[in-house]
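Q: Dropping the structure in here first, questions after.
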Amino acid sequence: MSLEVEARHRIGNFRIDAAFRSNGGVTALFGRSGSGKTTLVNIIAGLLRPDGGRIILDGDVIADSARNIFTPVHRRRFGYVFQEARLFPHLTVRSNLVYGRWLAGAGKSASEFTKVVEMLGVGHLLDRSPSTLSGGERQRVALGRALLAAPRLLLMDEPLAALDEARKAEILPYLERLRDETRIPIVYVSHSVAEVARLAERVVVIDDGRVQASGEAAVILSRPTDTPAMARREAGALIEGLVELHDEAHKLTLVRAGECLLRVPHVAAAPGHRLRLYIAARDVMLATTRPQGISALNVLPGTIVGLSPAHEGSLDVRLDCGGNTLVARITTLSREALGLRPGTPVHAIIKTVALDY
Amino acid sequence: MSLEVEARHRIGNFRIDAAFRSNGGVTALFGRSGSGKTTLVNIIAGLLRPDGGRIILDGDVIADSARNIFTPVHRRRFGYVFQEARLFPHLTVRSNLVYGRWLAGAGKSASEFTKVVEMLGVGHLLDRSPSTLSGGERQRVALGRALLAAPRLLLMDEPLAALDEARKAEILPYLERLRDETRIPIVYVSHSVAEVARLAERVVVIDDGRVQASGEAAVILSRPTDTPAMARREAGALIEGLVELHDEAHKLTLVRAGECLLRVPHVAAAPGHRLRLYIAARDVMLATTRPQGISALNVLPGTIVGLSPAHEGSLDVRLDCGGNTLVARITTLSREALGLRPGTPVHAIIKTVALDY
Amino acid sequence: AERVTIFAAASLKNALDAVNAEWKRQTEGDVTASYAASSALAKQIEQGGPADIFISADLAWMDYLAEKNLIKADSRSNLLGNRLVLVSAKADAGPVDIKAGLDLAGLLGDGRLAMGAVDSVPAGKYGKAALEKLGLWPMVADRVAGSESVRAALLLVSRGEAPYGIVYQTDAAADSGVKMVGTFPEDSHPPIIYPIAITADSASPDAAAYLDFVRSPKAAPFFEAQGFTVLK
Amino acid sequence: MDWMALSEAEWTAVRLSLRVATVAMLSSLPLALLTAMVLARGRFWGKSALNGLVHMPLILPPVVTGFVLLLLFGRRGPIGAFLAEHVGLVFSFRWTGAALACAVMGFPLMVRSMRLSIEAVDRKLEDAAATLGASPAWIFLTVTLPLILPGIVAGMVLSFAKAMGEFGATITFVSNIPGETQTLAVAIYTFTQVPGGDAGAMRLTIISIVLSMAALILSEILAAAAARRTVSA
Amino acid sequence: MDWMALSEAEWTAVRLSLRVATVAMLSSLPLALLTAMVLARGRFWGKSALNGLVHMPLILPPVVTGFVLLLLFGRRGPIGAFLAEHVGLVFSFRWTGAALACAVMGFPLMVRSMRLSIEAVDRKLEDAAATLGASPAWIFLTVTLPLILPGIVAGMVLSFAKAMGEFGATITFVSNIPGETQTLAVAIYTFTQVPGGDAGAMRLTIISIVLSMAALILSEILAAAAARRTVSA
Ligand SMILES: Nc1ncnc2c1ncn2[C@@H]1O[C@H](COP(=O)(O)OP(=O)(O)OP(=O)(O)O)[C@@H](O)[C@H]1O
Ligand SMILES: Nc1ncnc2c1ncn2[C@@H]1O[C@H](COP(=O)(O)OP(=O)(O)OP(=O)(O)O)[C@@H](O)[C@H]1O
Ligand SMILES: [Mg+2]
Ligand SMILES: [Mg+2]
């Protein structure tokens with residue numbers, strides 16, 4: 190599964206000129222308000238015919254201005270969760286949900302419907318009119334409508350923005366399963382680093398219509414300077430690991446990443462399964478000696494690779510811990526007190542619960 | 190400034206029966222999607238005439254079903270930032286912004302306009318039509334429109350949901366200033382504990398139309414069980430302190446809370462100023478002995494007061510640290526390893542950068 | 011018997027309905043009448059309208075069809091005549107002797123003279139001709155309110171919109187709201203004639219019989235009852 | 004209410020009027036919808052001309068419209084002759100002609116209402132349907148059409164009401180033949196043309212009003228039902 | 004195009020038609036808007052009756068409408084007498100009467116268009132305006148009115164077009180007085196009533212079409228300008 194997007198377009202004074210590619214999985218579009226994320230998604234969906242560019246999904250040329258190819262929206266079968274819900278006001282919630290499903294043919298079973306409805310918690314709303322729904326309910330129905338349309342590609346424009354954390358925590362695992370099981374490519378617009386870190390394989394950072402950075406989520410999210418849309422507090426590093434074993438008694442999972450062993454909250458994945466962990470810089474503590482008697486379960490020995498310039502009294506310390514890059518944010522006071530500089534051997538201390546989403 | 194709200198109403202199968210009072214400042218409405226937050230805000234605004242109840246602002250009876258008083262919406266002068274932007278499609282962004290300002294009379298100067306426009310970053314959009322704005326731009330204009338109407342009370346329904354973290358970080362301080370300087374009471378609906386912790390004096394937790402808990406933000410946010418809308422990862426404790434002194438060199442501020450001294454990122458508040466700090470349980474580490482050579486600047490001695498039941502391999506430990514209640518989330522494995530039980534003396538370790546918003 | 015279809019000027023409705031009822035009773039023949047403005051009927055006949063017999067409210071539209079050979083020339087005759095009268099709404103209005111030199115303008119005061127539209131409605135055309143003949147036209151030319159039909163003119167008078175009106179005797183007789191105050195001399199205007207003819211396209215074998223019936227003394231009383239003069 | 008008792012002929016006129024108005028309304032519906040769609044959404048050369056043409060029956064005196072219909076759709080008219088020969092559809096002096104006249108007279112009213120509704124449709128909903136795999140035709144059927152229902156109902160009401168009151172074009176085009184082309188409105192007109200016809204005209208007018216009111220109330224109920232389901236979400 | 008040269012009388016009819024149509028359109032605007040508002044938003048006993056009344060001029064043959072106008076607004080009619088005495092407004096045999104007849108005939112068309120637009124307005128925008136301190140009247144002026152502009156324009160177009168074509172009610176109510184009540188439509192009708200009048204009727208019809216088309220195109224430009232600003236946000 191691969192997606193290639195290239196688009197040049199102009200609306201009013203705004204100009205978009207962006208290209209990115211992804212090899213399936215979730216591609217996160219990240220960028221400040223007004224940077225062109227929705228415009229780009231609209232172009233992918235075919236709702237906006239760009240002045241130039243092309244879209245290739247799995248070798249299938251969906252659109253190519255050079256060759257004058259333009260597949261109309263309804264033949265693309267790209268599910269789209271819009272930034273505003275856009276429910277059909279004249280249909281009930283149930284009819285909204287099955288609108289695309291029906292068109293997709295018998296591809297989706299009734300059990301799929303039940304599953305999605307349950308996951309989204311909209312079962313009690315099925316016979317209601319969209320006008321009577323709350324903001325979050327509307328967004329959930331819109332999400333369900335796109336999911337049930339059996340799309341070849343999912344475009345999601347801030348799909349969880351109006352939802353409470355508890356609800357998000359229910360939906361995210363579903364999206365993860367979707368990503369892992371069906372391998373439907375997903376283009377995901379979000380302002381939440383936590384969401385992106387958890388879901389995305391690739392991150393494309395858009396700024397003023399241009400791709401400012403794009404690449405592996407692990408790489409991009411570790412360079413907060415590339416992502417102006419990310420608040421500083423969300424900087425961190427993404428590390429890849431393999432599930433080693435589960436400690437069922439304590440509901441923990443051991444993850445091997447390079448030479449390190451990390452204890453994370455229980456993950457429903459078989460040993461050997463690949464896992465990505467986003468470790469926020471603010472969650473990493475440094476110690477010059479191995480601390481004793483502390484609650485944190487992860488104490489990783491490592492070496493300081495680099496220090497970012499101080500900003501507002503704090504700085505980011507880049508570490509190498511057994512082949513993994515970690516970022517720790519500490520105060521300038523701590524740096525002075527501990528005398529940290531590149532090459533200093535340190536211990537990175539990370540609470541297990543900080544790795545829970 | 191005080192606000193008293195009492196409302197009983199029924200729409201379809203949904204029934205709201207809620208009452209709360211606040212003594213000014215920001216009151217956060219917290220609750221899951223569909224719990225009735227928007228309905229309650231609509232009742233306060235006067236857009237929905239409830240079956241019964243009353244609204245009293247500063248002794249001024251705005252509505253009272255018992256006495257058959259109902260001030261029409263436009264006489265209430267309650268600014269309202271809607272969950273959807275609701276911009277006037279036939280007016281330019283500028284006209285949208287000044288719509289209420291004009292009606293409010295000369296109360297707002299041109300400099301106020303410039304200030305708000307700048308803060309929201311919508312200066313370059315002034316002559317555009319709302320239909321050409323991005324989702325976040327629309328929300329910002331809606332925010333500006335309400336702010337500029339010189340309201341007596343501000344109702345904000347997830348005003349920052351569609352915004353990126355960087356933009357939020359620009360707007361939040363403005364709202365804080367608004368709260369502190371103008372003393373306009375604000376009713377603030379949000380799903381973000383960080384936002385609520387930062388802004389709100391009071392938190393009202395709504396569940397299925399009923400007030401499930403209401404009170405000081407410090408109290409409510411420390412009892413995550415009361416707030417099902419809060420993901421577990423957002424549990425924590427709010428502590429109150431006074432600014433002691435500033436360490437300009439290291440951009441730190443020392444805050445005295447009870448007998449403890451906390452180092453937090455620099456705060457623009459004069460010594461003696463009250464400050465509220467929300468300390469997430471996931472950010473608190475426990476140690477049985479005082480650790481040495483670590484980067485965390487805050488190591489607070491305390492005693493375990495209680496332990497919550499374990500859930501999914503972790504539990505919350507309630508501490509008393511020099512008169513402050515803190516909550517630390519640790520794994521069951523750590524509890525066993527460290528042999529923690531009520532009465533155990535421990536050190537709570539909190540990174541300074543974790544206290545940055 | 012074959013159906014006979016009559017296209018007749020709308021003002022003939024009352025009389026002709028009665029005649030037709032009698033024809034049906036006597037011959038058990040089928041007859042149906044379409045009443046409309048003579049102009050519309052003439053044009054419909056021109057476009058192939060299913061009329062067997064045409065009765066026009068004036069000679070002009072019959073001539074129009076005759077020129078185009080759309081009527082059987084030998085079947086044409088003048089069926090009915092009518093008189094032009096002056097009516098007034100005021101019950102106390104005295105009789106008016108209609109002759110040259112009449113101070114019609116004085117009678118009208120600041121009111122208007124209601125009549126059929128002088129360019130299009132037959133009664134209007136006759137009325138204008140009569141006024142011209144009597145030399146009264148210049149006096150009232152810009153005081154005329156031309157109606158879409160005689161009936162409308164009559165209504166204007168009976169509603170008091172206009173103090174006087176020029177209408178057919180047949181209409182005036184049937185309206186208790188107006189008072190007939192004078193009759194125009196018969197020689198003051200071209201004879202008011204309702205011509206009748208069988209259309210060229212008529213295929214109904216009963217058309218001729220019907221025409222004979224309408225022109226026979228058996229039908230005359232019905233026309234006379236409505237105030238028409240039956241022409242020989 | 005003996006006075007209200009209708010003669011056989013009058014009953015015929017009532018039935019005919021209802022048939023003519025209903026057929027006029029229903030048969031012009033598809034073309035009106037298409038025209039409204041084209042005017043609301045299309046961008047083409049000659050759009051103004053089409054728009055003007057649609058308004059013609061309103062701008063022209065009904066007599067002229069009737070006359071034009073007579074010339075075009077009459078037995079000897081180009082279209083009338085063609086249709087009679089190839090489709091077997093004869094308008095001249097038939098109730099079908101009355102329906103045609105009423106349909107033409109009501110056409111601009113129908114088109115305007117529909118166009119207004121089409122222009123008010125949020126195209127974003129149609130976009131959403133397309134992303135769900137709906138073809139343009141399916142979108143039209145399942146999204147656009149239900150959303151413009153108020154305009155369609157309004158257009159139908161106006162067309163029906165107009166058909167009940169239309170006599171100018173009708174009588175000019177297809178004459179005034181009892182049982183065939185004499186609708187209520189034409190019958191009323193006929194009554195107004197003869198002395199003593201007022202009572203008859205009044206009686207028929209009241210019948211016409213009663214019928215139209217019933218149709219109107221029905222339409223309001225339908226529209227309200229449609230609106231209840233399409234409160235903007 | 005000597006054939007097109009207009010006589011002085013015809014010029015008068017043209018000017019009169021434009022004046023009558025314009026006055027009819029503009030003067031019925033406020034009442035039509037009010038009625039549309041009441042029908043779209045109001046909930047009261049007798050709403051169906053009001054709705055029926057509004058549609059009356061469409062349902063009744065124009066001649067009947069003309070009769071009714073004469074009965075009500077004529078010199079002796081209750082309203083006509085009152086207005087003549089207290090306001091100095093006389094309709095009978097005046098161009099004002101022609102304008103009244105045209106306004107009445109166009110009224111249902113105007114109301115329907117406006118009502119359709121009013122019903123399509125997102126009330127939530129009005130709510131938003133209220134929270135910003137706008138009184139109901141101010142909301143109507145600054146929010147509702149601009150949003151229903153398409154309906155108002157459509158209503159005005161229909162009313163104007165109808166006024167250009169109206170003659171049945173006009174001639175019945177205020178007769179056919181050259182220079183005073185003889186509008187183009189009435190003049191055309193007059194031509195159709197005399198043998199050989201076709202050329203004259205045709206000439207006036209073309210003029211009427213040209214004028215109406217100009218008005219139509221103007222309205223489209225206005226509507227497009229309004230629409231450009233109110234694309235749903
Ligand atoms: N007209 C109606 N008929 C039936 N139920 C309704 C109606 N209007 C609202 N509700 C229900 O009332 C509940 C409260 O809605 P409300 O909009 O207040 O929720 P909310 O707390 O703002 O949620 P969110 O966070 O999703 O915006 C919802 O469950 C909604 O479905
Ligand atoms: N018709 C238009 N005319 C002018 N500018 C436009 C038009 N449409 C969009 N824009 C501009 O294009 C930019 C990109 O818009 P877009 O909706 O793609 O932003 P976004 O990244 O999705 O932002 P958000 O996070 O706020 O939703 C915005 O600055 C917007 O103002
Ligand atoms: Mg966007
Ligand atoms: Mg809500």
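Protein chains in written order, with the numbering used here: chain V, 190 to 546; chain L, 190 to 546; chain Z, 11 to 242; chain C, 4 to 236; chain F, 4 to 236. The beta-carbon is built from N, C-alpha and C at its ideal position, and this holds for glycine as well.
#1: Just to confirm, are Ala-389 of chain L and Gly-214 of chain L a CB contact at a threshold of 9 Å?
#2: Going by DSSP, name the residue or residues bridged to Arg-474 of chain L.
#3: Does any residue of chain L have a CB that is nearer than 9 Å to the CB of Ala-133 of chain F?
#4: Considering only their Cβ atoms, is the gap separating Gly-430 of chain L from Leu-451 of chain L smaller than 9 Å?
#5: I need the DSSP call for Pro-362 of chain V, collapsed to helix, strand or coil.
#6: Among the candidates Z:Thr-180, Z:Ala-162, Z:Tyr-178, whose CA atom is the shortest distance from the CA of Ala-172 of chain Z?
#7: Residues of the stretch 282-294 of chain V in Cβ contact with chain C at a cutoff of 7 Å, in chain order, please.
#8: Among L:Thr-533, L:Val-194, L:Glu-359, whose alpha-carbon lies nearest the alpha-carbon of Pro-239 of chain L?
#9: If we cut at 9 Å on Cβ distances, does Ala-228 of chain F have a partner in chain L?
#10: Which ranges does the beta strand (DSSP E) cover as unbroken runs of at least 3 residues, wholly within the stretch 128-160 of chain Z, from first to last along the chain?
#11: Span of the alpha helix (DSSP H) holding Lys-165 of chain F?
#12: State the Cα-Cα distance for the pair Phe-76 of chain C and Thr-25 of chain C, rounded to the nearest angstrom.
#13: Closer than 9 Å by beta-carbon distance: list the chain V residues that pair up with Ser-120 of chain C, in chain order.
#14: Do you know how far the Cα of Leu-89 of chain Z is from the Cα of Arg-225 of chain Z?
#15: Have a look at Asp-397 of chain L and Glu-307 of chain V and give me their C-alpha separation to the nearest angstrom.
#16: Asn-54 of chain F versus chain C: which residues are under 7 Å apart at the beta carbon?
#17: Taking a Cβ distance cut-off of 7 Å, strictly less, list which residues of the stretch 136-158 of chain F are near chain L, in chain order.
#18: Taking the alpha carbon of Ala-533 of chain V as the reference point, which residue from V:Leu-515, V:Ala-338, V:Gly-491 has its own alpha carbon closest?
#19: Should Glu-384 of chain V be listed as close to ligand 3, given that the test is whether its C-beta is under 8 Å from any heavy atom?
#20: List the residues of chain F that Tyr-74 of chain Z touches, going by C-beta distances under 7 Å, in chain order.
#21: Say whether chain Z places a C-beta atom closer than 9 Å to the C-beta of Val-177 of chain C.
#22: What residues are listed by DSSP as bridge partners for Tyr-288 of chain V?
#23: Any heavy atom of ligand 2 closer than 8 Å to the CB of Asn-212 of chain L?
#24: To the nearest angstrom, report how far apart Glu-354 of chain V and Ile-493 of chain L are at their CA atoms.
#25: Using the rule of at least 16 other Cβ atoms within 10 Å of the residue's Cβ for burial, across every protein chain shown, is His-500 of chain V buried or exposed?
#26: According to DSSP, simplified to helix, strand and coil, what is Arg-341 of chain V?
#27: Quick check on Val-494 of chain L: does DSSP put it in helix, strand or coil?
#28: Could you list the residues in the stretch 505-520 of chain L with a C-beta less than 8 Å from some C-beta on chain V, going in chain order?
#29: Specify the secondary structure class of Gly-235 of chain V as computed by DSSP and reduced to three states.
#30: Give the interface partners of Val-262 of chain L over in chain F, defined as CB-CB distance under 8 Å, in chain order.
#31: Can we count Gly-324 of chain V as close to ligand 2, meaning its CB is less than 8 Å from some heavy atom?
#32: Could you list which residues in chain L have their beta carbon closer than 9 Å to that of Gln-481 of chain V, in chain order?
#33: Where does the unbroken beta strand (DSSP E) through Arg-317 of chain V begin, and where does it stop?
#34: Extract the residue ranges of the alpha helix (DSSP H) inside the stretch 47-87 of chain F, only unbroken runs of 4 or more that lie entirely within it.
A: Concretely, from the data shown:
#1: yes
#2: Contrary to the premise, residue 474 of chain L reads as Met rather than Arg in this sequence. Partner(s): L:Ile-538.
#3: yes
#4: yes
#5: helix
#6: Z:Ala-162
#7: Tyr-288, Gly-289, Leu-292, Ala-293
#8: L:Val-194
#9: no
#10: 154-157
#11: 152-168
#12: 20 Å
#13: Under the 9 Å cutoff, chain V gives no residues; its nearest Cβ is about 13 Å from Ser-120 of chain C.
#14: 7 Å
#15: 18 Å
#16: Leu-219, Glu-223
#17: Gly-136, Ala-137, Ser-138, Val-146, Pro-149, Leu-150
#18: What sits at residue 533 of chain V in the sequence shown is Thr, not Ala. Ranking V:Leu-515, V:Ala-338, V:Gly-491 by Cα distance to Thr-533 of chain V puts V:Gly-491 first.
#19: no
#20: Pro-198
#21: yes
#22: Paired residue(s): none; Tyr-288 of chain V is not in a bridge.
#23: no
#24: 28 Å
#25: exposed
#26: coil
#27: strand
#28: Ala-517, Arg-518, Ile-519, Thr-520
#29: coil
#30: Asp-130, Ala-133, Thr-134
#31: no
#32: Ala-476, Thr-477, Thr-478, Pro-480
#33: Per DSSP, Arg-317 of chain V belongs to no beta strand (DSSP E) and is neither H nor E.
#34: 50-62, 65-76
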